[in-house]
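Notes follow the structure.
Here's what the structure looks like:
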């Protein structure tokens with residue numbers, strides 16, 4: 003891990019100390035702060051409360067009733083297992099944009115800490131050509147495999163790896179989503195079996211609105227395809243229209259698959275990480 | 016297409032911008048590569064040539080052509096007006112004083128600097144360069160100034176600037192003229208002529224004249240200036256010290272037995288070396304050997320012999336080959352030697368006429384022959400062959416017929432009583448002229464010592480040669496005679512040696528002139544022809560501004 007990456011992850015971790023993932027309905031298990039209503043394998047007494055009509059009479063504390071004639075019901079915190087999977091697109095194309103790898107890791111770190119603060123069982127997926135789990139998901143400073151050099155984008159290989167992800171969890175995917183494959187296929191597969199899916203798109207302003215330039219050879223870092231282009235206004239105009247259509251396609255696919263789609267300015271975020279996009283999207287909340 | 020890119024330094028420098036621009040564009044294209052995350056969003060290549068082309072020639076962007084056009088316009092702004100005005104500018108006729116006084120001090124260097132500065136203003140105009148010596152010579156006519164230091168080696172004894180200007184005006188009318196010399200004008204300078212002089216007054220000690228007759232040398236030495244001077248005179252190895260008062264002129268007679276006399280006047284700190292040297296070749300020519308035929312009457316024979324005895328150019332040696340035979344016209348048989356054929360009319364046919372004796376045809380033999388008071392008894396009915404030289408009424412008294420090898424037959428219609436002809440000054444003069452004429456037409460140079468305003472003449476008759484070697488101090492060339500009987504060469508300063516298989520002749524040429532050696536007259540002077548130049552410069556300037564403005568207009572869209 004380079005010092006730049008270390009610094010931004012450390013910053014992200016500090017920022018995420020006081021936040022947690024926002025509660026999600028129908029999650030697999032409860033938020034760790036909720037009191038369990040059912041007995042589990044690892045019940046932990048929390049407090050007493052007055053008996054209410056309808057309470058299971060078996061939960062009455064008979065010893066207290068015998069000593070004090072009070073009807074108190076024992077309450078237990080049920081140890082539940084809410085899951086959070088965070089997929090970091092580590093394809094080489096991410097490296098093409100200034101600050102995008104740093105932003106991707108910082109956002110992943112914030113989400114991982116927030117998930118941990120919310121007692122989620124968190125998994126960090128490094129989406130290389132083969133997706134791998136990070137052995138220290140909740141301690142981002144210990145993450146490994148942080149190179150952005152995959153030659154296959156998630157659009158090409160996600161369907162082979164999404165089966166590894168457990169169901170009924172919350173899933174985040176952090177990428178620029180700049181690949182030619184149909185977004186619906188990925189988002190459908192990503193949302194399948196998940197309680198909630200969030201797609202965080204990292205884009206830089208000059209990727210949306212590139213300035214005109216002279217003649218340049220454009221290189222795709224994943225396929226090594228090259229195009230010699232005169233980046234005049236006509237070419238730029240054509241590109242702008244293409245990326246606008248591409249983004250619309252993803253937005254529509256997100257709506258259709260119930261995926262929350264958040265766009266982040268990667269360049270700005272890498273320079274000054276902030277929680278605002280995620281607070282605003284109600285993904286996280288303060289403790 | 017004008018070659019202003021090469022000829023005009025400004026154009027050349029500007030033109031370099033074009034390959035630089037092209038190189039920059041290609042370098043930029045080669046060097047600029049950009050990694051993009053989504054190449055599929057970009058359009059297909061728009062810079063490639065048609066598929067299948069052997070070479071991938073990329074289409075350059077519009078801004079490249081805009082910059083290229085702007086650069087070309089700026090080059091034109093800088094260079095084309097230069098060329099246009101140069102081509103329209105009238106030719107510049109440069110008249111260079113070719114006299115030796117231009118060697119004094121730094122006159123020549125200053126003059127060259129001035130001409131080059133004038134030429135730089137319009138370097139592509141037509142330049143005609145003339146050397147003004149005794150006669151003007153055009154030595155250069157091109158659209159570029161030559162290396163003047165190489166072609167201008169002033170050393171003549173005089174420079175006729177007025178004649179050179181007239182020659183230039185005749186050769187190239189409606190042009191501009193500049194006279195470059197070392198003294199103030201001695202004639203009125205026209206409007207279209209500039210006159211610049213870079214002379215500086217010096218005291219100068221010089222040989223101003225040198226003549227030789229056999230072993231005697233006459234030298235005239237002058238100290239032009241207001242200071243005393245001393246010098247060492249060297250004639251070959253003999254030397255003598257000489258002191259001069261201010262403005263003193265000395266005449267010396269020096270004896271020299273050697274065939275070539277080199278004369279040096281050694282002076283300390285002399286501003287002009289060229290006039291301190293002279294070379295003279297012994298000009299002795301043996302007298303003409305005369306043979307008098309036995310058939311010549313005694314009275315006539317005696318009169319001729321008296322003349323021969325008193326004339327050093329004539330001799331009568333029986334044991335030597337005659338150059339002139341004097342015989343009666345009745346002996347007229349073909350002969351290759353020059354002859355005087357005496358037509359001796361019989362007593363009864365001879366008569367004296369009162370009619371004046373007049374020259375009919377100009378000829379060197381008649382030079383200076385007094386024709387007054389002559390009593391010339393002749394046969395007035397006699398037809399004399401040849402070209403009539405002297406006649407009395409319709410009677411030919413003297414006629415000449417030229418033969419091969421410059422020989423001649425001179426026929427004289429004169430009764431043996433001789434009238435008063437043999438006692439008249441015409442008699443010895445006539446024989447002297449005949450002797451000189453024969454001497455002058457001998458093979459070899461017509462004289463041994465020349466001045467640089469003369470031409471060296473070589474007679475080649477009776478010499479069986481097709482090639483002559485001509486050697487000077489600095490060169491050796493072979494002259495093909497083409498069977499010519501006379502060769503004329505420019506007399507350049509120094510010793511000339513001509514060699515055939517059987518003969519060797521030396522000729523000396525000197526450039527001595529008292530006026531030229533008087534450097535006290537040298538001065539600075541300047542008269543320009545400014546009005547026309549200023550007018551054309553304004554035209555050039557306006558044209559340049561117009562093109563520069565166009566270049567800016569081309570570039571304006573780039574900055575919007």
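Protein chains in written order, with our numbering: chain F, 3 to 289; chain U, 16 to 575. Just so it is clear, CB atoms sit at the ideal spot from N, CA and C, and this is done for glycine as well. A quick note: this is a predicted structure, and the numbers were derived from the prediction, not measured.
Under the Cβ distance rule, residue 141 (chain F) does not count among the residues neighbouring chain U, no pair being separated by less than 8 Å. In this structure, residue 150 (chain F) lies away from residue 240 (chain F), with their beta-carbon atoms at least 8 Å apart.
When CB distances to chain U are screened at a threshold of 8 Å, not a single residue of the stretch 121-152 of chain F falls below it. Residue pairing from DSSP places residue 124 (chain F) in a beta bridge opposite F:86. For residue 110 (chain U), the enclosing beta strand (DSSP E) stretches over residues 107-112.
In the structure shown, the three-state DSSP call for residue 137 (chain F) is coil.
Between residue 95 (chain F) and chain U, the shortest Cβ-Cβ separation is below 8 Å.
Excluding five sequence positions before and after residue 99 (chain F), the CB atoms of its chain that fall closer than 8 Å to its own CB belong to 178, 204, 205, 206, 209, 268, 269, given in chain order. Within chain U, the residues placing a beta-carbon under 8 Å from that of residue 180 (chain F) are 52, 53, 56, ordered along the chain. DSSP assignment within the stretch 180-215 of chain U yields the following whole beta strand (DSSP E) runs of 3 residues or more, N-terminal first: 191-196, 208-213.
Chain F places no beta carbon closer than 8 Å to that of residue 158 (chain U), leaving this residue out of the contacts. Close CB contacts of residue 173 (chain U) within its chain, under the 8 Å cut and outside five residues either way in sequence, are with 114, 148, 149, 468, 528, 530, 531 (chain order). Against chain U, the CB of residue 98 (chain F) has a partner CB under 8 Å away; the residue lies at that interface. Per DSSP, the unbroken alpha helix (DSSP H) holding residue 164 (chain U) starts and ends at 163-166. Looking at the backbone, the Cα of residue 71 (chain F) and that of residue 65 (chain F) are separated by about 9 Å. Between residue 460 (chain U) and the set U:478, U:432, U:331, U:445, the nearest pair of CA atoms involves U:478.
The beta carbon of residue 504 (chain U) lies closer than 7 Å to those of 470, 471 in the same chain, with the five residues before and after it left out.
Here residue 151 (chain U) is bridged, per DSSP, to U:147. Of the residues assessed, residue 51 (chain F) falls on the exposed side of the cut-off, its CB having fewer than 16 other CB atoms within 10 angstroms.
Assignment of alpha helix (DSSP H) within the stretch 390-436 of chain U, counting only whole runs of 4 or more residues, yields no such run.
Residues of the stretch 216-246 of chain F with a Cβ closer than 7 Å to any Cβ of chain U, in chain order: 216, 217, 218, 219, 220, 221, 222, 223, 227, 229, 230, 231, 232, 234, 237, 240, 241, 244, 245. Here the C-alpha atom of residue 199 (chain U) lies approximately 25 Å from the C-alpha atom of residue 236 (chain U).
Judged by DSSP secondary structure, residue 509 (chain U) falls within the beta strand (DSSP E) whose first and last residues are 509-514.
Residue burial is scored here from C-beta neighbours: residue 235 (chain F) has fewer than 16 other C-beta atoms within 10 angstroms and is therefore classed as exposed. Beta-bridge partners of residue 51 (chain U) (DSSP): none assigned. Within a 10 Å sphere around the beta-carbon of residue 427 (chain U) sit 16 or more other beta-carbons, which makes this residue buried. With respect to chain U, the C-beta atom of residue 269 (chain F) has no partner C-beta closer than 8 Å.
Residue 560 (chain U) sits exposed, since fewer than 16 C-beta atoms from the chains shown fall within 10 Å of its C-beta. DSSP places residue 238 (chain F) in the uninterrupted alpha helix (DSSP H) bounded by 235-259.
The beta carbon of residue 144 (chain F) lies closer than 6 Å to those of 138 in the same chain, with the five residues before and after it left out. Cα atoms of residue 169 (chain F) and residue 156 (chain F): separation of roughly 19 Å, rounded to the nearest angstrom. Separation of the CB atoms of residue 279 (chain U) and residue 291 (chain U) is rounded to 6 Å, and the pair is thereby assigned contact status at 8 Å.
As computed with DSSP, residue 354 (chain U) is found in a beta bridge with U:340, U:424. Taking C-alpha positions only, residue 182 (chain F) is separated from residue 196 (chain F) by approximately 24 Å. Residue contact with chain F for residue 48 (chain U): present (Cβ-Cβ distance below 8 Å to some residue of chain F). Of the candidates F:220, F:213, F:15, the residue whose Cα lies closest to the Cα of residue 238 (chain F) is F:213.
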